[in-house]
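Asks: Residue numbers for the sequence shown follow the working numbering, so the first one is 4 and each next one is one higher.
Built from N, CA and C at the ideal position, the CB exists for glycine as well.
Since the structure is predicted, the reported quantities are computational estimates derived from the model, not experimental observations.
Handing you a structure now.
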Amino acid sequence: MDLTMLKAKLHQASVTHAVADYEGSCAISGDLLDLAGILEYEQIHIYNVTNGERFITFAIRGEDLEGIISVKGAAALKVNVGDRLIICAYAALNSTELTEFKPTVVYMKADNSVSHTANAVPLAE
Numbered sequence: 004m005d006l007t008m009l010k011a012k013l014h015q016a017s018v019t020h021a022v023a024d025y026e027g028s029c030a031i032s033g034d035l036l037d038l039a040g041i042l043e044y045e046q047i048h049i050y051n052v053t054n055g056e057r058f059i060t061f062a063i064r065g066e067d068l069e070g071i072i073s074v075k076g077a078a079a080l081k082v083n084v085g086d087r088l089i090i091c092a093y094a095a096l097n098s099t100e101l102t103e104f105k106p107t108v109v110y111m112k113a114d115n116s117v118s119h120t121a122n123a124v125p126l127a128e
């Protein structure tokens with residue numbers, strides 16, 4: 004049996020652009036995609052911490068080291084520049100793969116620089 008597991012998470016990323024007149028996607032700085040292990044065109048789930056909106060789109064590679072989080076297309080109507088997002092990618096894993104699997108969590112600062120990374124999501128206090 005395959006289970007859908009959290010593969011990667013960009014935690015508290017800040018929206019830098021919201022462009023409704025576009026085919027749709029979310030451009031993310033390439034260095035952040037690489038660090039999280041999210042591939043270009045991979046499906047991502049976006050959770051807007053600022054307003055509670057949740058939506059699914061796909062990642063496109065933005066310029067490295069720019070801190071870009073650019074929500075495009077209809078999804079841009081669900082965000083404002085400066086909103087804080089949790090961006091997640093998931094993977095289907097079988098029971099053998101699950102024994103060694105750990106997600107990659109990238110914690111972001113308000114300027115979209117990286118605070119730190121982890122391989123687990125801590126329990127809430």
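Between the Cα of isoleucine 59 and the Cα atoms of Glu66, Pro125, Ala78 and Gly70, which residue gives the shortest distance?
Replies: Reading the sequence shown from its first residue, position 56 is the one you call residue 59. The shortest C-alpha separation from isoleucine 59 is found at Ala78.
Asks: Assuming the contact rule is C-beta atoms closer than 8 Å, leucine 96 and leucine 6 should be a hit. Round their C-beta distance to whole Å, please.
Replies: Start at 1 with the first residue of the sequence shown, and residue 96 comes out as number 93. Start at 1 with the first residue of the sequence shown, and residue 6 comes out as number 3. Yes, they are in contact, since the Cβ atoms of leucine 96 and leucine 6 sit about 6 Å apart, within 8 Å.
Asks: Establish whether the CB of serine 98 and some CB of chain D are separated by less than 7 Å.
Replies: Here chain D cannot be found, since the structure has a single protein chain.
Asks: Cα separation between glycine 70 and leucine 36?
Replies: Position 67 of the sequence shown holds residue 70. Position 33 of the sequence shown holds residue 36. If you take the alpha carbons of glycine 70 and leucine 36, they lie about 11 Å apart.
Asks: Are the Cβ atoms of alanine 16 and glycine 40 separated by less than 7 Å?
Replies: Reading the sequence shown from its first residue, position 13 is the one you call residue 16. Reading the sequence shown from its first residue, position 37 is the one you call residue 40. When the beta-carbon positions are compared, alanine 16 and glycine 40 stay at least 7 Å from each other.
Asks: Which runs of the beta strand (DSSP E), 3 residues or longer, sit entirely within the stretch 60-86?
Replies: Correct list: 72-75.
Asks: Return the Cβ separation of serine 32 and glutamate 66 in integer angstroms, given the expectation that the two are a contact with Cβ distance under 8 Å.
Replies: What you label residue 32 is simply residue 29 of the sequence shown in a count that begins at 1. What you label residue 66 is simply residue 63 of the sequence shown in a count that begins at 1. In this structure serine 32 is in contact with glutamate 66, their Cβ atoms being roughly 6 Å apart against a cut-off of 8 Å.
Asks: According to DSSP, which residues form a beta bridge with threonine 99?
Replies: Residue numbering aside, residue 99 sits at position 96 when the sequence shown is read from its first letter. Paired residue(s): none; threonine 99 is not in a bridge.
Asks: Pull up the CB-CB distance for valine 22 and asparagine 83, whole angstroms please, since I reckon it's below 8 Å.
Replies: Start at 1 with the first residue of the sequence shown, and residue 22 comes out as number 19. Start at 1 with the first residue of the sequence shown, and residue 83 comes out as number 80. In fact, because the Cβ distance is near 12 Å, the residues do not count as touching under 8 Å.
Asks: By the DSSP assignment, the alpha helix (DSSP H) with alanine 39 in it spans what residues?
Replies: As a first step, residue 39 must be located in the sequence shown, where it is residue number 36. Where alanine 39 is concerned, the enclosing alpha helix (DSSP H) stretches over 33-39.
Asks: According to DSSP, glutamine 46 sits in a beta bridge with which residue or residues?
Replies: The count along the sequence shown starts at 1 and reaches residue 46 at position 43. Glutamine 46 is bridged to Phe61.
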